[in-house]
Amino acid sequence: MIRFDDAVLRYRGAAAPAVAGVSFEAPAGRVTAIAGPNGSGKSTLVRALLRRLPLERGRIALDGRDALAIPQREFAARVAVVTQREEPAFPLAAREYVALGRYPHGGRWRTDRAADDRAVSAAMERAAVTDLAGRRTDELSGGEWQRLRIARALAQEGGALVLDEPTTFLDVAHEMALFELMDGLARGGMAVLVVSHQLNLVARFADTVVLLHRGVVAAAGAPAEVMQGPILERVYDWPLVVTRDPAVGAPSLVPLRVRRGA
Amino acid sequence: MRSAHPLLWPLLVVALAAVGVLAIALGAVPLSPGAVIDALAGRGDANTVAIVRGLRLPRVVLAALVGAALGMSGGALQGTLRNALAEPYLLGVSGGAAVGAVLAVSFGASSAGLVPLAAFAGAGGAVMLVLLVARAVGGRADPRLLLMAGVVVGAFANAAIMVALAGAPPNTVRGALWWMMGSVSGADWGTVRWLALYVAIGGGLLLAWARDIDVLALGEDPAAGLGVDVDRAGRRVYLASALLAAATVAAAGLVGFVGLVVPHIVRGAGLRRHRAVLAGGALAGAALVVAADVVARVARPPAELPLGAVTALVGVPFFLAQLRRAAA
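Listed in order, the protein sequences are those of chains L and D.
Using our numbering, the first residue of the first sequence is number 1, and each one after it goes up by one.
Using our numbering, the first residue of the second sequence is number 1001, and each one after it goes up by one.
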């Protein structure tokens, strides 16, 4: 379980903190989603997990221990992060790329090759990218690349998976497939923490939604509690209505045109 | 995706051995390959043994060490800085070394021992300056900042050299220019020994950090997510690479293009993990510089061409062929 306690994060030289006292938890076996407008502090939380930004105040805990006190490699063996952007400087074969997920488990010179091979194969199968093994990373489609990155994260064999906007640039089918994959991983016992703009997908797949607004939690809870017209209208500062999805009954957000009647 | 040919490693070793023997065989007194191998083993005519072991072998070994160091340095920097154009000379190392050497020459240092020392000090100073500039601007060792700081320090060094040489007597200018074009003609076992030490230390460290470089090549955030302390790992790879390059500059002057082109050659041959890229780069770089030194000696006897010019002449076609393949 990943837990943020009153986290305050500030970029160097910024007058106001980007995250100003956020608390929530992402328990095992659940999909926890962080949503909110651009600049609300979602990715900043991920940067803190990556230790790219120091906590000004508060605490991040992993299974009750201070997460930032855990050596970085050990942390990577327990929590895998799929960052927003990633591009290998030089193309790799897809399987070689997934094998980089074994980095936190290996020593400088020695690695357990058999265990690595097994983990890589299993991860690729789980993310449905086995057939891409020999392809070049720079020749994959957007959907293939995202799935491959998740396979790399799964090869880390941690109990938690953090994804920052994993469905940007993906079409409807690939978006759905990715959320189904996250759902399956959570059902399998992983703690899945996903930062996403896709409120309607989040409403269908997440167990808990943490809605951020200007660096603080505007609402948190089950999708139906958070996805309420007045809350979302205030946070996004845009006229909208929340309806029920006709097919599955999940709350669904419909933003309105500004002109009346449109 | 194409993987390295199973015979690539034996081929690299054989190529290096072959150009090595060829380099020893060619010279004012040409020798047959058989005679070279006999002389290396200490058999045969005493004069031949003396020529081979005392004169030609140290030169070949020095050229090989220079090439190995530059090949590894370039491979490590390209991966860490995520830039296919990164190479030790782009990062201020050569500029700083040249300033050191030119200053030593213009203050009248003629002894062969002092110029390399000054060059090494200059390279070290430039590397520190690059790290300080990058840190002052960005607060941490961001690869883009390192690269830009390196270019800036290099440009400043070049300007300083031109200013220093503008008022210098022709002999000084000629000496400085010759040094800047690179050469292994002054090779002796003493130089070989200390360069070998630096190559062993710097190269050993880079090989130990090769897995970090694999991960750093994905980008800073993904690397951090995989458990690498990005700033620390990047900085120490940069320092070890710069140390390697600075040592070669002190030993043989500026031998350009090797650090840039060799990693591309070995990656083009299908090596992708950095431990393989670095080891392959060491072998390929060694073979390339030894071959270039042969060309430098035999092209226009009795005069020698500058080694740095030849490495560029030999390297450019390789590089173009590689580009063509990459684009295909």
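Glycine included, each C-beta is placed from N, C-alpha and C at the ideal position.
A quick note: this is a predicted structure, and the numbers were derived from the prediction, not measured.
- Annotated as distal: A1039/D and R1059/D, with beta-carbon spacing of 8 Å or more.
- Non-local C-beta neighbours of L140/L in its own chain, meaning closer than 6 Å and more than five positions away in sequence, are absent.
- Taking a Cβ-Cβ threshold of 8 Å, the residues of chain D close to A80/L are G1225, in chain order.
- Three or more beta-carbon pairs separated by less than 8 Å are not found between the segment 175 to 186 of chain L and the segment 99 to 107 of chain L, which leaves the two stretches without contact.
- Between A1069/D and Q1078/D, the C-beta gap is not smaller than 8 Å, which leaves the two residues out of contact.
- For T1191/D, the three-state secondary structure derived from DSSP is helix.
- M124/L is positioned such that its CB atom lies closer than 8 Å to that of A151/L.
- No Cβ of chain L is located within less than 8 Å of the beta carbon of G1100/D.
- Counting along the chain, the unbroken alpha helix (DSSP H) around R1059/D starts and ends at 1057 to 1080.
- In this chain, the alpha helix (DSSP H) harbouring F179/L covers 172 to 187.
- With a threshold of 16 other beta carbon atoms within 10 Å, V172/L falls short and is exposed.
- Per DSSP, S1183/D lies in no beta strand (DSSP E) and is assigned neither H nor E.
- Straight across, the Cα-Cα distance linking R1135/D with M1148/D is about 12 Å.
- Distances from the alpha-carbon of A203/L to those of R126/L, V162/L, G249/L put G249/L closest.
- Listed by position along chain L, the residues whose Cβ is nearer than 7 Å to that of A1252/D form an empty set, because the closest Cβ is around 28 Å away.
- Using a CB distance below 8 Å, no part of the segment 1236 to 1266 of chain D faces chain L.
- Secondary structure at T83/L: coil, using DSSP grouped into helix, strand and coil.
- A48/L is a Cβ neighbour of L55/L, given a cutoff of 8 Å.
- The criterion of a C-beta distance shorter than 8 Å is not satisfied by V1102/D and A1245/D.
- Our two residues, V194/L and D116/L, have alpha carbons roughly 26 Å apart in a direct line.
- For V1060/D, the nearest beta carbon of chain L is not closer than 8 Å to its own beta carbon.
- Per DSSP, F90/L lies in no alpha helix (DSSP H) segment and is marked neither H nor E.
- Neighbours of R1082/D in chain L, taken as residues whose beta carbon is under 8 Å from its own, are A89 in chain order.
- The C-beta separation of L170/L from G142/L comes to about 6 Å, placing the pair in contact by the 8 Å criterion.
- For the pair I1265/D and G1280/D, the Cα-to-Cα distance works out to about 9 Å.
- For the options R65/L, P223/L, I231/L, Q198/L, the alpha carbon positioned closest to that of H213/L is the one of I231/L.
- DSSP, reduced to helix, strand and coil, places R1300/D outside both helices and strands of the structure shown, so it counts as coil.
- Membership of L45/L in any beta strand (DSSP E) is not indicated; the residue belongs instead to the alpha helix (DSSP H) covering 42 to 49.
- V1310/D is not a Cβ neighbour of A1321/D, given a cutoff of 8 Å.
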